[in-house]
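Quick note: to get the numbering used here, add 151 to the position in the sequence shown (first position is 1). Quick reminder that beta carbons are idealized off the backbone N, C-alpha and C, glycines included.
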Amino acid sequence: MLQHYSVSWKKGLAALCLLAVAGLSGCDQQENAAAKVEYDGLSNSQPLRVDANNHTVTMLVQINGRFLTDDTRHGIVFKDGSNGHKSLFMGYATPKAFYEALKEAGGTPGENMTMDNKETTHVTGSKLDISVNWQGAAKAYSFDEVIVDSNGKKLDMRFGGNLTAAEEKKTGCLVCLDSCPVGIVSNATYTYGAVEKRGEVKFKGNASVLPADNTLATVTFKITE
């Protein structure tokens, strides 16, 4: 009888060891998968690159294929923000990190947007030329080439600022497609509410240019004035 219990105990211990090894292996696989989120020298742990001499900030993003067909007012949102699933590009940088990077590159935030004036005010701040690139792209495409404005108007992207509001709201908004009191960067062509409230314009990704859902890409912001 004692021998039987000894054998059973040893078998049980061996099974527990195998489970532990399998668990560790699973953790390693998850960590390795996370480590593979990288492109063009950027990664989930280092999602921004600042070139102060050339006044640029480059961010790691991921394509959200839903908005190659559906409309959205969200250009780029931090993936872990409450609006992280609502944007054409899901960003790996936080609003605070992005704000600080734009300042480091020489940008000046407009800080003219409030919750009270948002529907009658066009965002100000340093003007930004934005381009998008990914593996296999024929070139770096401008934001105007990858985003379709139903009115055919050009984007006028500005460093609005809004860090305090961004941290309070926790939406994760990085780049909005109409003037916004929360997004770090937004589009001065339209005032807040032009898309979702007043229906003046619709935006979506350009499916004839952009790659497939979940493709990693970089978005570069160049301060031009």
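Beta-carbon proximity of residue i to residue j, cut-off 8 Å
i      : j      : result
Gly356 : Leu219 : yes
Thr340 : Val333 : no
Asn284 : Ala358 : no
Gly276 : Gly312 : yes
Val228 : Phe372 : no
Ile335 : His206 : no
Asp329 : Arg217 : no
Val370 : Phe240 : yes
Ile214 : Thr366 : yes
Asp221 : Phe354 : no
Val326 : Gly226 : yes
Thr272 : Phe310 : no
CA-to-CA distance, residue j to residue i, given in whole angstroms
i      : j      : result
Ile281 : Val360 : 15 Å
Met190 : Gly242 : In the sequence as presented, Met is not what sits at residue 190; that position holds Tyr. Roughly 13 Å separates the two Cα atoms.
Arg200 : Phe294 : 19 Å
Ser233 : Lys247 : 15 Å
Gly344 : Ser301 : 15 Å
Glu182 : Ser196 : Reliability fails at Glu182, whose pLDDT of 47 lies under 50, so the model's placement of it is uncertain and the value that follows must be treated cautiously. When rounded, the distance between both Cα atoms is 12 Å.
Lys230 : His236 : 7 Å
Asn263 : Lys278 : 14 Å
Leu211 : Glu351 : 31 Å
Cys331 : Gly192 : 31 Å
Glu135 : Leu314 : With the chain covering 152 to 376 only, the question about residue 135 has no answer from this structure.
Leu306 : Ser194 : 28 Å
Met308 : Glu376 : 11 Å
Ala291 : Val188 : 20 Å
Pro362 : Val297 : 10 Å
Leu253 : Asp202 : 10 Å
Pro198 : Cys324 : 16 Å
Glu347 : Glu270 : 12 Å
Buried/exposed call for residue i, threshold 16 Cβ in 10 Å
i      : result
Asn434 : In the structure displayed, the chain extends from 152 to 376; residue 434 sits before or after that span and is not available.
Asp364 : exposed
Ala244 : buried
Ala256 : buried
Met266 : exposed
Ala289 : exposed
Three-state class that DSSP yields for residue i in the structure shown
i      : result
Ala248 : helix
Lys353 : coil
Leu253 : helix
Ser196 : coil
Val188 : coil
Ala291 : coil
Ile335 : coil
Thr207 : strand
Val274 : coil
Ala358 : coil
message: Which complete beta strand (DSSP E) runs does the stretch 209-241 hold, if anything under 3 residues is left out?
response: 225-229
query: Taking only runs of the alpha helix (DSSP H) that begin and end inside the stretch 294-331, which ones reach a length of at least 4 residues, in chain order?
result: 294-297, 314-320
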